[in-house]
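So the structure is just underneath, and the comments pick up after that.
Protein chains: 2
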Amino acid sequence: MPLPETEIPGRLQAELMSRGLRMTRQRRTILSVVETAKQHLDASQLLRRARRLDPQIDRVTVYRTLGLLKRHGLIDELDLMHMQGEKHFYERRPQRDHIHMACLRCGKITEFESDLFDRLKGQIQRDCRFHIVVTRLEIGGYCAQCRSTDQAQD
Amino acid sequence: MPLPETEIPGRLQAELMSRGLRMTRQRRTILSVVETAKQHLDASQLLRRARRLDPQIDRVTVYRTLGLLKRHGLIDELDLMHMQGEKHFYERRPQRDHIHMACLRCGKITEFESDLFDRLKGQIQRDCRFHIVVTRLEIGGYCAQCRSTDQAQD
DNA sequence: TCCTTATTGCAACTGACTTTCAAATTATAG
DNA sequence: CTATAATTTGAAAGTCAGTTGCAATAAGGA
Chain A
1088 MPLPETEIPG RLQAELMSRG LRMTRQRRTI LSVVETAKQH LDASQLLRRA RRLDPQIDRV
1148 TVYRTLGLLK RHGLIDELDL MHMQGEKHFY ERRPQRDHIH MACLRCGKIT EFESDLFDRL
1208 KGQIQRDCRF HIVVTRLEIG GYCAQCRSTD QAQD
Chain B
1088 MPLPETEIPG RLQAELMSRG LRMTRQRRTI LSVVETAKQH LDASQLLRRA RRLDPQIDRV
1148 TVYRTLGLLK RHGLIDELDL MHMQGEKHFY ERRPQRDHIH MACLRCGKIT EFESDLFDRL
1208 KGQIQRDCRF HIVVTRLEIG GYCAQCRSTD QAQD
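Residue numbers (the working numbering), protein chains in the order written: chain A, 1088 to 1241; chain B, 1088 to 1241.
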């Protein structure tokens, strides 16, 4: 009879376990934060949320877990045009790549999928004989809302 | 009768002067390094080269000049997939945007222009009503050469 | 040339991330 | 249910890239 689990194992956890990695209490906590995040979080935000679930977690463990997920291609690292310092943001790798648009005025991040983007990647793989592992398309500019409420923009 | 100039004023210098910025010896030196660079240079490489022309230049001045050029849209800042730490690389803004491909094995950076990329940007401006100021498309993967000489790749 | 303002250089600082290493924990073998 | 071997963790110190404060200096117009 199965014991009640403190955490419902998510896809990230299942992925890591299937690759033979040890599942510690800290890892489970950090993975659950990454899984349930509704926006792009940076390392310190992830740490704060993980600590709400397990106050003992250290930030090195967060960095190490993020590195692990990155190496296994399970999360993507974003710069979001470095609008708030040099920190990085993370999101679970989606099935289909998308573009991140960052509004230089209000800071809003918009995601956009496009067939043209998929075709562009195909062209690169073919024409350059380049095997794509990870892509990052970030665009800085002014969103529709800021364009209509502000005159002074580039 | 014009005095002999130590530096032939380049396009970056002309641009900054036309915008009413003061042209100092240090700026002229840094601009000339940026203008004549044949590869993507980071701040410390730029400093080293600038110091060969003027040993007194401080690294803060390099950072401030890069910030100035960035704000004026005269150079683009690249991450090149953060393959060598978190530093940034710089290049003069080209007339036509291009893609940077970074080989995760040999580190080679390849540039690629594409009509599909131009069309993708047009689509974003139209469909998202987003006014594009700067784009950064970086791709990590394996170049043609590394694909044929190495079996162990992602 | 003088004068105002922008720019520089130094030193100290910051923030994000990494390394080191002993102690704790995990998965596995018995 | 141990014992064991290997992985993972946390705490502290360190690194690296870039920034800030401020007094001294230099640019460019009057």
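Heads up, the beta-carbon is just placed ideally off N, CA and C, and yes, glycines get one too.
Rounded separation between residue 1193 of chain B and residue 1111 of chain B - CA only: 39 Å
Listed by chain order, chain A residues near residue 1176 of chain B by CB distance under 7 Å: Neighbours of residue 1176 of chain B on chain A: none; closest Cβ ~13 Å, over 7 Å.
Amino acids of chain B, ordered along the chain, whose beta-carbon sits closer than 9 Å to that of residue 1227 of chain A: 1219, 1220, 1221, 1222 and 1223
Below-8 Å beta-carbon distance, residue 1173 of chain A vs any chain B residue: yes
For residue 1135 of chain B, the nearest candidate out of B:1127, B:1125, B:1155 and B:1120 (CA to CA): B:1120
Sheet register partners of residue 1176 of chain A (DSSP bridge): A:1129 and A:1165
Residue 1093 of chain A, buried or exposed, once every other Cβ within 10 Å from all chains shown has been counted against 16: For residue 1093 of chain A, the predicted structure reports a pLDDT of 43, less than 50, and the residue's modelled location is therefore unreliable. A value from the coordinates is still provided. Residue 1093 of chain A should be labelled exposed.
Same chain, Cβ closer than 8 Å to residue 1174 of chain A, five either side skipped, listed in chain order: 1129, 1130 and 1131
Proximity test, Cβ basis, 8 Å: residue 1216 of chain A and chain B: yes
Residue 1226 of chain B beta carbon less than 8 Å from that of residue 1196 of chain A: no
Residue 1190 of chain A - containing beta strand (DSSP E), residue span: 1186 to 1190
Residues that DSSP places opposite residue 1115 of chain B in a beta bridge: Bridge partners of residue 1115 of chain B: none, in fact.
Secondary structure of residue 1234 of chain A, DSSP reduced to three states: helix
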